[in-house]
Amino acid sequence: MPKRRATSPPQPASAQTKTARRTEETGDVKGGTVLNPPAGDDHGDRTPTRGADDVSNSSGINSRMNGHEEQTQSARSLSALAPEFVPGSGSTSPVIAKSNGLVQSELPFSSQSTSKTQSRQASKDSEASSPSKSIIRPVFKSEPLQIKDSTFQARLFSLESPAQTPKILAYMRRQYPGFQHHMSAWRYLMLKPGMTGLEGENAFVVEQGWDDDGEKRGGSAIIDVIEKMGLCDVVVVVSRRFGGTLLGPARFAHIADCTRAVCTAMYERERAAERASRVADLVAQLREWDTEVAELRLEIAALEPTKSKVETGADEKGKLPAISVSLKPPDYTSVLSPPDVEKAERLLQARQKTVQSLKAALEKKRAKPDAGEESSNAS
1 MPKRRATSPP QPASAQTKTA RRTEETGDVK GGTVLNPPAG DDHGDRTPTR GADDVSNSSG
61 INSRMNGHEE QTQSARSLSA LAPEFVPGSG STSPVIAKSN GLVQSELPFS SQSTSKTQSR
121 QASKDSEASS PSKSIIRPVF KSEPLQIKDS TFQARLFSLE SPAQTPKILA YMRRQYPGFQ
181 HHMSAWRYLM LKPGMTGLEG ENAFVVEQGW DDDGEKRGGS AIIDVIEKMG LCDVVVVVSR
241 RFGGTLLGPA RFAHIADCTR AVCTAMYERE RAAERASRVA DLVAQLREWD TEVAELRLEI
301 AALEPTKSKV ETGADEKGKL PAISVSLKPP DYTSVLSPPD VEKAERLLQA RQKTVQSLKA
361 ALEKKRAKPD AGEESSNAS
């Protein structure tokens, strides 16, 4: 299946969406399958006055935590402390740590599982020496967000195939054993049965799911952000290191904030790629219009009584004379880097008007020959 962009097209009303929902202990089960059964280890992350799970018994939390609008008075949202992606800067700036930023990392990963008896270093050497194994690295990761003695960090991976999802999760658990929870969510496009992809958007269906990895409702907090950002073909893993202090429902806001940081970075990168592609298309059209402008000017010059020299850099005979105009193609470097869509569109409109004007002038010349030529013919 060809590689697709992470930003998904707007989904039509008829598009099907399959969601793999995790079975919760609270009883709100939705259809689908999940990767692993609940670990049941939430480190007692519940409000001290509750005897049961803090999510199912907290009146301030919605069953899916959509938007995290409602929270208990004792656990206010600390969203302002989470990494905030600044477009164009390549970094995030959380209030609690001025040096925080989104960084790209290189993390080796083998698509084939290794024996538990092998050491990590031996596994890395094996992966590096085997060119046939696919390398999976996170595209973006957020700086660690430390709240009390808990640490949250998000990593975003691009998906080329849904089969990579379990391998990414297994890698995260193996590579970062110091984090007790590796919550994850994934969303990707799949071809419908019998479709080739040439039928348009209706040929695809969006599939998504999540894994709480013992942090109840942690995965659903991640998928909510991915859905709202409109991303596809991605996996986001939010790792949490638990230090012993209960955070209560506020932890879901921290999970969402870390997810939002890497998703925003991915969105901005995809947007920049789209702008660069758009500018390249416009410049290609500009060069075609430039060629037509030069040809029209040559034709007009051929009808002039006094032929002027063509500025081609060479004084060749037998060439069609034209008005004094350079035939060298314009330089569009300033439009291409950095990509300037607005400037390219303005230049294209100007070239189109120039062509219209030259065509009108050429028709005029052909309909009314020069008076000097008429008098010479009469004599």
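Numbered by the UniProt record's numbering, the letters in the sequence shown go through residues 1 to 379 in order. Built from N, CA and C at the ideal position, the CB exists for glycine as well.
- Here the C-alpha atom of Leu-159 lies approximately 17 Å from the C-alpha atom of Met-183.
- Around the C-beta of Lys-216, 16 or more other C-beta atoms lie within 10 Å, and the residue is accordingly described as buried.
- Between Thr-165 and Ile-222, the CB-CB gap reaches or exceeds 7 Å.
- Listed as beta-bridge partners of Thr-151 by DSSP are Gln-146 and Arg-241.
- Considered as a whole, the stretch 185-272 harbours 218-229 as its complete alpha helix (DSSP H) runs of no fewer than 4 residues, in chain order.
- Between Thr-264 and the set Val-225, Ala-301, Ile-255 and Phe-252, the nearest pair of CA atoms involves Val-225.
- DSSP places Ser-161 in the coil class of the three-state scheme, outside both helix and strand.
- Under the 10 Å beta carbon count, Leu-231 is surrounded by 16 or more other beta carbons and is classified as buried.
- Contact between the stretch 166-180 and the stretch 287-298 is absent: fewer than 3 CB-CB pairs across the two stretches fall below 8 Å.
- Rounded to whole angstroms, Glu-268 and Met-229 show a C-alpha spacing of 11 Å.
- In the structure shown, Lys-141 adopts extended strand secondary structure according to DSSP, grouped into three states.
- Each of Ala-170, Ala-185 and Asn-202 was checked against the Cα of Pro-193, and the nearest Cα belongs to Asn-202.
- Distance from the CA of Leu-246 to the CA of Met-195, rounded to the nearest whole angstrom, comes to 49 Å.
- Contact between Leu-191 and Gly-197 holds, with the beta-carbon distance rounding to 6 Å and staying under 8 Å.
- By the Cβ neighbour-count rule, Lys-353 is exposed, with fewer than 16 other Cβ atoms within 10 Å of its own.
- For the options Phe-252, Lys-359, Leu-282 and Ser-220, the alpha carbon positioned closest to that of Arg-297 is the one of Lys-359.
- The continuous stretches of alpha helix (DSSP H) do not include Gln-180, and DSSP gives it neither H nor E.
- The continuous stretches of alpha helix (DSSP H) do not include Lys-368, and DSSP gives it neither H nor E.
- In the assembly as shown, Ile-135 is an exposed residue. Its beta-carbon has fewer than 16 other beta-carbons within 10 Å.
- In the DSSP assignment, Leu-336 falls within the alpha helix (DSSP H) that extends over 333-336.
- Between the alpha carbons of Arg-271 and Pro-339 lies a distance of about 11 Å.
- According to DSSP, Leu-156 shares a beta bridge with Phe-140 and Val-236.
- The three-state reading of DSSP puts Lys-328 in coil, since its state is none of H, G, I, E or B.
- When the beta-carbon positions are compared, Val-279 and Val-341 come within less than 7 Å of each other.
- Pro-166 sits in a helix when the DSSP states are folded into three classes.
- Beyond the five residues adjoining it in sequence on each side, Gly-243 comes within less than 6 Å, by CB distance, of Asp-149 and Ser-150 in the same chain, given in chain order.
- Here Ile-135 carries a coil assignment [DSSP, helix/strand/coil].
- Looking at the backbone, the Cα of Glu-363 and that of Arg-351 are separated by about 18 Å.
- Each residue's CA atom was taken as its position, placing Arg-155 and Phe-140 some 6 Å apart.
- DSSP, reduced to helix, strand and coil, places Leu-348 within a helical segment of the structure shown.
- Setting aside the 5 residues that flank it on each side, Glu-345 is surrounded in the same chain by Leu-282, each with a C-beta closer than 7 Å to its C-beta; the list follows chain order.
- In the same chain as Met-172, and ignoring 5 residues on each side of it, the C-beta atoms closer than 6 Å to its own belong to His-182 and Val-237, in chain order.
- Here Lys-343 is actually not in contact with Val-355; their C-beta atoms are around 19 Å apart, not less than 8 Å.
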